[in-house]
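Residue numbers (the working numbering): -17 to 337.
For reference, the structure discussed in these notes is given below.
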């Protein structure tokens, strides 16, 4: 009897990406292009409401849409619940995520629960969640990120993002650079554990990282062109996850290190900053060019040491020892048992992360 081929895959990708100077006024046209209907619910924060929330509302009203706004705080299950409840109350037909990574993740998760589309309108670019099908929401058990919808459209207005602190953009660049070590972990898992591997997703994720590193000297504060240079790889990195059907091409041991830091030293540094420092060390464990990772991060202005992260050396060591606990289903260079204290301390010292 012949084998019957039953393999199938579904890939969801953003259908429109607009990036550049003053693209926000095209929002109404994008909504009409996809025949979106009123009412819309905008998810934003207290700071971003004035920066971009009001302009977005004015554009939507001018385009003939009814729109309401909800201001939320941290990316928690409770914040998602608030958005879902209001969306149901007003019978929202689609959501607009306007703000930094937290606000977009909240909109993303709420849209997933509501089964309605959402549009991503970032006001900063601190990590690659702008376009990704993952959301980091606190309170979903032990998960560090959960599966979610990809945005129907993405509007990245560099005129708005230039107003955000440069540290956020540097963090986003560091997050993308960390793809380099994540991809080595993925390849290792394929060889040792037979894990499925997408060459297409890996190629895209590596291109994104290489692009940031090749243009590191051009990414500077107070320069709108720097955002233009960085934003394409940041978006592409998120799309690599959509193609892979997981965060594998962009998240390995360096992300596990970052998430453990979040547990041991919450809110000390930005996600992308921590991943960048983690990537230096994980690249060393892989026997790769960790100095190139370090130098690229330093050129951009991202942290390369625990001191620059504002995190004590002991916490750095403990995070290295315990990073493997974060996702035990995800095989990385840390193996199943992680690093000993002595090995972690030596690793951090050799790479200059601690002195």
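The beta-carbon is built from N, C-alpha and C at its ideal position, and this holds for glycine as well.
Out of 243, 263, 273 and 295, state which residue places its alpha-carbon closest to the alpha-carbon of residue 304.
Within the chain shown, numbered from 1, the residue matching residue 304 stands at position 322. It is 243.
Given this structure, state the Cα-to-Cα distance separating residue 22 from residue 129, to the nearest angstrom.
Start at 1 with the first residue of the chain shown, and residue 22 comes out as number 40. Start at 1 with the first residue of the chain shown, and residue 129 comes out as number 147. Answer to the nearest angstrom: the Cα atoms are 23 Å apart.
Collapsed DSSP secondary structure at residue 239 in the structure displayed
Taking the first residue of the chain shown as position 1, residue 239 is located at position 257. Three-state result, residue 239: helix.
Counterpart residues of residue 102 in DSSP-defined beta bridges
Looking up residue 102 in the chain shown gives position 120. Partner(s): 79 and 136.
Can you give me the Cβ contacts of residue 164 inside the same chain, cut-off strictly under 6 Å, excluding the 5 residues immediately before and after it?
One-based indexing of the chain shown puts residue 164 at position 182. Here the set comprises 232, 233 and 234.
Report the option in 261, 48, 255 and 26 whose CA atom is closest to the CA atom of residue 72.
Within the chain shown, the letter at position 90 stands for residue 72. Closest option to residue 72, Cα to Cα, is 48.
How should residue 236 be labelled, buried or exposed, when 16 other C-beta atoms within 10 angstroms of its C-beta is the threshold for buried?
On the chain shown, residue 236 is found 254 positions in, with the first residue counted as 1. Buried, since its Cβ has 16 or more Cβ neighbours within 10 Å.
Length of the line joining the Cα atoms of residue 323 and residue 299:
Locating residue 323 in the chain shown gives position 341, where the first residue counts as 1. Locating residue 299 in the chain shown gives position 317, where the first residue counts as 1. Spanning the two alpha carbons is a distance of roughly 7 Å.
Please list the terminal residues of the continuous alpha helix (DSSP H) segment that includes residue 291.
Stepping through the chain shown from its first residue, residue 291 is reached at position 309. Counting along the chain, the alpha helix (DSSP H) containing residue 291 begins and ends at 288 to 291.
Beta-carbon gap between residue 154 and residue 110 smaller than 8 Å:
Locating residue 154 in the chain shown gives position 172, where the first residue counts as 1. Locating residue 110 in the chain shown gives position 128, where the first residue counts as 1. In this structure, residue 110 lies closer than 8 Å to residue 154 by Cβ.
In chain order, what residues of the same chain lie with their CB nearer than 7 Å to the CB of residue 335, ignoring the 5 residues before and after it?
Here residue 335 is taken as the residue at index 353 of the chain shown, counted from 1. So the list reads 259, 262, 263, 287, 288 and 298, once near-sequence residues are dropped.
Could you tell me which uninterrupted beta strand (DSSP E) segments, each at least 3 residues in length, are contained entirely in the segment 143 to 195, listed from first to last along the chain?
none
Do you know how far the Cα of residue 337 is from the Cα of residue 296?
Here residue 296 refers to the residue found at position 314 when the chain shown is read from its first residue. Here residue 337 refers to the residue found at position 355 when the chain shown is read from its first residue. The alpha-carbon atoms of residue 296 and residue 337 are separated by roughly 11 Å.
Compute the Euclidean distance between the alpha carbons of residue 137 and residue 5, then round it to the nearest angstrom.
As a first step, residue 137 is located in the chain shown; it is residue number 155 there, counting from the start. As a first step, residue 5 is located in the chain shown; it is residue number 23 there, counting from the start. Cα to Cα, residue 137 sits roughly 7 Å from residue 5.
Extent of the continuous alpha helix (DSSP H) to which residue 0 belongs
Your numbering for residue 0 matches position 18 in the chain shown. Segment -2 to 2 is the beta strand (DSSP E) holding residue 0; no alpha helix (DSSP H) there.
Unbroken beta strand (DSSP E) run spanning residue 112, endpoints:
Residue numbering aside, residue 112 sits at position 130 when the chain shown is read from its first letter. No beta strand (DSSP E) contains residue 112, which DSSP labels as neither H nor E.
State the DSSP-derived secondary structure class of residue 128, mapped to helix, strand or coil.
Locating residue 128 in the chain shown gives position 146, counting from the first residue. Three-state DSSP puts residue 128 in a strand.
To the nearest angstrom, report how far apart residue 216 and residue 89 are at their CA atoms.
Counted from its first residue, the chain shown places residue 216 at position 234. Counted from its first residue, the chain shown places residue 89 at position 107. Each residue's Cα considered, the two are about 19 Å apart.
Tell me which residue opens and which closes the beta strand (DSSP E) that residue 49 is part of.
By 1-based counting over the chain shown, the position of residue 49 is 67. That run of the beta strand (DSSP E) goes 49 to 53.
Quick check on residue -14: buried or exposed, where buried means 16 or more other Cβ atoms within 10 Å of its Cβ?
On the chain shown, position 4 is the one that residue -14 refers to. By the neighbour-count rule (16 or more Cβ atoms within 10 Å), residue -14 is not buried but exposed.
For my contact list, residue 25 and residue 85 are in at a C-beta cut-off of 8 Å; report their separation, rounded to the angstrom.
The sequence position of residue 25 within the chain shown is 43, counting from 1. The sequence position of residue 85 within the chain shown is 103, counting from 1. Sure, about 6 Å apart at Cβ, within 8 Å.
On the three-state DSSP scale, how would you describe residue 26?
Here residue 26 is taken as the residue at index 44 of the chain shown, counted from 1. The answer is strand: DSSP assigns residue 26 an E or B state.
By alpha-carbon positions, which one of 302, 222, 313 and 249 ends up nearest to residue 174?
Residue mapping note: residue 174 aligns to position 192 of the chain shown, counting from 1. Taking only the C-alpha atoms, the option nearest residue 174 is 313.
Strictly under 8 Å for the Cβ-Cβ distance: is residue 336 near chain D by that measure?
Going by chain labels, chain D is absent from the structure shown, which holds only one protein chain.
How should residue 150 be labelled, buried or exposed, when 16 other C-beta atoms within 10 angstroms of its C-beta is the threshold for buried?
Mapped onto the chain shown, residue 150 falls at position 168. Buried, by the Cβ-count rule.
Helix, strand or coil for residue -17, going by three-state DSSP, please let me know.
Along the chain shown, one-based indexing puts residue -17 at 1. Confidence in residue -17 is poor, its pLDDT being 49 and thus under 50, which makes the residue's placement unreliable; the coordinate value appears in the next sentence. In the structure shown, residue -17 sits in coil (DSSP, three-state: anything other than H, G, I, E or B).
Contact check, residue 274 vs residue 206, beta carbons under 8 Å:
Indexing the chain shown from 1 puts residue 274 at position 292. Indexing the chain shown from 1 puts residue 206 at position 224. Contact: no.
Where does residue 268 fall in DSSP's three states?
Taking the chain shown and counting its residues from 1, one reaches residue 268 at position 286. Residue state, collapsed to three classes: coil.
Neighbour-count burial assignment, residue 133, 16 or more Cβ in a 10 Å radius:
By one-based count along the chain shown, residue 133 stands at place 151. Buried is the call here.
Write down the C-beta distance between residue 211 and residue 222 rounded to the nearest angstrom, noting that I regard them as a contact closer than 8 Å.
On the chain shown, residue 211 is found 229 positions in, with the first residue counted as 1. On the chain shown, residue 222 is found 240 positions in, with the first residue counted as 1. With a Cβ gap of about 18 Å, residue 211 and residue 222 do not count as contacting.
Apart from the five residues on each side of it in sequence, which residues of its chain come closer than 8 Å, Cβ to Cβ, to residue 250?
In the chain shown, counting from the first residue as 1, residue 250 sits at position 268. Excluding residues within five positions, the ones whose Cβ falls inside 8 Å are 243, 291, 292 and 293.
Coil, strand or helix - residue -9 by DSSP
Position 9 of the chain shown, counted from the first residue, corresponds to residue -9. Coil at residue -9, not helix or strand.
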